[in-house]
Amino acid sequence: MNIYQALNSSYTLLNNNSNTKRLDCEILLAECLRIKNRLDLFLNLNQVLTQDEISTFFNLIKERQKYKPISKIIKKKEFWNFEVDVSKKVLIPRPETEVLLDLVSRVLKKNLNIRFLDVGCGSGCISLALLNIFSNSSGEAFDLSRDAVLSAKLNLKKYNKLNRVKVFQKDLFQFKTDKKYDLIISNPPYLKLSDYINLSRSIKIYEPKNALVSDRKDGILFYNYIISSLKNNLKMNGFFAFEIGDNQFLKIKKLLSQNGFIVISKFKLINGKIRCILAKKIKNYALQ
Ligand SMILES: C[S@@+](CC[C@H](N)C(=O)[O-])C[C@H]1O[C@@H](n2cnc3c(N)ncnc32)[C@H](O)[C@@H]1O
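Okay, here's the thing in structure tokens:
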């Protein structure tokens with residue numbers, strides 16, 4: 286069997302399991318053959334596969350038939366300019382989170398000695414990108430999940446950045462510190478329980494529920510807590526950067542303004558929903 290035949294016989298196997306069946310099969314075959322760019326498959330369509338390569342490929346297809354996300358099958362996801370390991374029980378980094386980092390990178394000066402706090406760090410993708418964008422930065426990152434902490438450490442170590450960020454396991458709702466930061470950034474769980482039910486099978490089976498679901502009411506529990514309990518840990522003119530859920534903007538904006546912040550930048554998805562915001566500290570309520 287050659288590459289052409291393997292691909293042709295694999296596409297139909299995912300007819301009922303994926304909306305991106307061609308792409309999925311090509312990524313999986315490229316992975317089996319250790320080809321970096323899947324388009325190179327098409328330059329080598331006549332290449333004959335070994336028995337091992339064929340069986341590995343069709344075993345991966347079987348995993349996809351069980352709705353496993355491609356990134357979980359190949360155990361990695363491209364994020365910013367990194368290849369983030371997602372083999373542990375962590376959320377797969379999403380493109381919207383890259384947009385959050387883009388907002389931050391447009392406003393904060395690149396050469397500043399920025400000190401950040403990454404709340405709910407998951408795979409460590411946000412810290413990794415921040416350390417890359419702001420070459421003099423350093424920070425702290427924590428998560429409730431042990432797997433997330435291990436994953437963040439693994440990813441930061443892989444890119445020699447673990448010496449610039451302290452990663453630890455902690456529940457946000459127990460977290461206290463005297464430190465002052467320039468930036469507190471978070472993509473916290475923001476779904477309400479009723480939203481979770483409608484997520485795809487792929488997410489529900491393979492991604493941690495406590496990375497996604499916030500509360501039963503409106504999904505803003507984490508923002509509420511972060512803003513009210515960590516506002517005094519931001520320096521004057523420091524920033525909160527949040528990824529937020531659908532229809533949460535007005536409530537979060539109100540919370541921010543009640544606590545001395547103004548939203549200075551936001552990003553809307555193509556459907557008009559605001560997904561990322563950056564807010565600046567303009568009043569110090571602690572001193573009033
Ligand atoms: C939406 S995920 C974001 C992960 C990562 N920052 C990213 O953007 O891909 C939310 C993260 O918050 C963590 N988390 C949930 N509850 C938490 C809590 N009470 N304290 C700290 N972290 C929590 C989850 O384990 C998960 O890793």
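To convert, take the position in the sequence shown, counting from 1, and add 285; that gives our numbering.
Using N, Cα and C, we set each Cβ at its ideal position, and we do this for glycine too.
Asked	Found
Taking Cβ to Cβ, would you say Gly530 is nearer than 9 Å to Asp467?	no
Run through DSSP, which three-state label would Asp480 get?	helix
Once you ignore the five residues that flank Lys306 on each side, which residues in its own chain have a CB closer than 7 Å to its CB?	Tyr296, Leu299, Asn300
Is any heavy atom of ligand 1 found at a distance shorter than 8 Å from the C-beta of Tyr491?	no
So, using beta-carbon positions, are Ser408 and Ile377 closer together than 9 Å?	yes
Please determine, among Thr382, Val452, Phe507, the residue with the shortest C-alpha to C-alpha distance to Cys561.	Thr382
Between Lys347 and Lys551, what straight-line distance do the alpha-carbon atoms span, to the nearest angstrom?	41 Å
Ordered along the chain, which non-local residues of its own chain (more than five positions away) have a Cβ less than 6 Å from that of Arg323?	Glu311, Ile312, Ala315
For Asn517 and Asn417, I'd like the C-alpha separation in whole angstroms.	26 Å
Check each candidate in Phe527, Leu386, Gln350 and name the one with the smallest Cα separation from Pro473.	Phe527
By the three-class DSSP mapping on this structure, what secondary structure does Ser513 have?	helix
Where does Arg560 sit, in a helix, a strand or coil, going by DSSP?	strand
Need the endpoints of the alpha helix (DSSP H) that Glu381 sits in, please.	380-392
On the CB-based measure, 16 or more other CB atoms within 10 Å of its CB, does Leu515 come out buried or exposed?	buried
Please list, in chain order, all residues of the same chain as Lys536 whose beta carbon is under 6 Å from its beta carbon, the five residues on each side excluded.	Ile505
For a test of your reading of the model: does the CB of Gly545 fall under 8 Å from any non-hydrogen atom of ligand 1? Yes or no.	no
What do you reckon, are the CB atoms on Asn544 and Ser499 nearer than 9 Å?	no
Using the DSSP secondary-structure output, state which residues sit across from Tyr466 in a beta bridge.	Leu519
Candidates Lys351, Phe534, Leu385: which alpha carbon is nearest Ser487's?	Lys351
Kindly indicate which residue of Asp403, Leu554, Lys374 has the alpha-carbon position closest to the one of Phe534.	Leu554
Could you tell me whether any non-hydrogen atom of ligand 1 is closer than 8 Å to the CB of Lys455?	yes
Between Ser430, Ala414, Arg391, Leu386, which lies nearest to Lys374 when the distance is taken from Cα to Cα?	Ser430
For Pro380, count neighbouring C-beta atoms within 10 Å of its own C-beta (all shown protein chains included) and say buried if the count is 16 or more, exposed if not.	exposed
Report the three-state DSSP secondary structure of Lys489 (helix, strand or coil).	helix
So the alpha helix (DSSP H) Lys361 belongs to, where does it begin and stop?	Careful: Lys361 lies outside any alpha helix (DSSP H), inside the beta strand (DSSP E) at 361-364.
Could you check whether the Cβ of Ser420 sits closer than 8 Å to any heavy atom belonging to ligand 1?	no
Could you check where the alpha helix (DSSP H) with Gln290 kicks off and where it finishes?	288-296
Answer with buried or exposed for Val333, where buried requires no fewer than 16 other C-beta atoms within 10 angstroms of its C-beta.	exposed
Please go through the same chain and pick out, in chain order, the residues whose beta-carbon is closer than 8 Å to the beta-carbon of Val369, but skip the five residues on each side of it.	Lys361, Lys362, Glu363, Pro378, Ser408, Gly409, Cys410, Leu413, Asn440
Phe527 bridges to which residues according to DSSP?	Ser471, Ile562
So the alpha helix (DSSP H) Arg400 belongs to, where does it begin and stop?	Premise fails: Arg400 lies in the beta strand (DSSP E), 400-404, not in any alpha helix (DSSP H).
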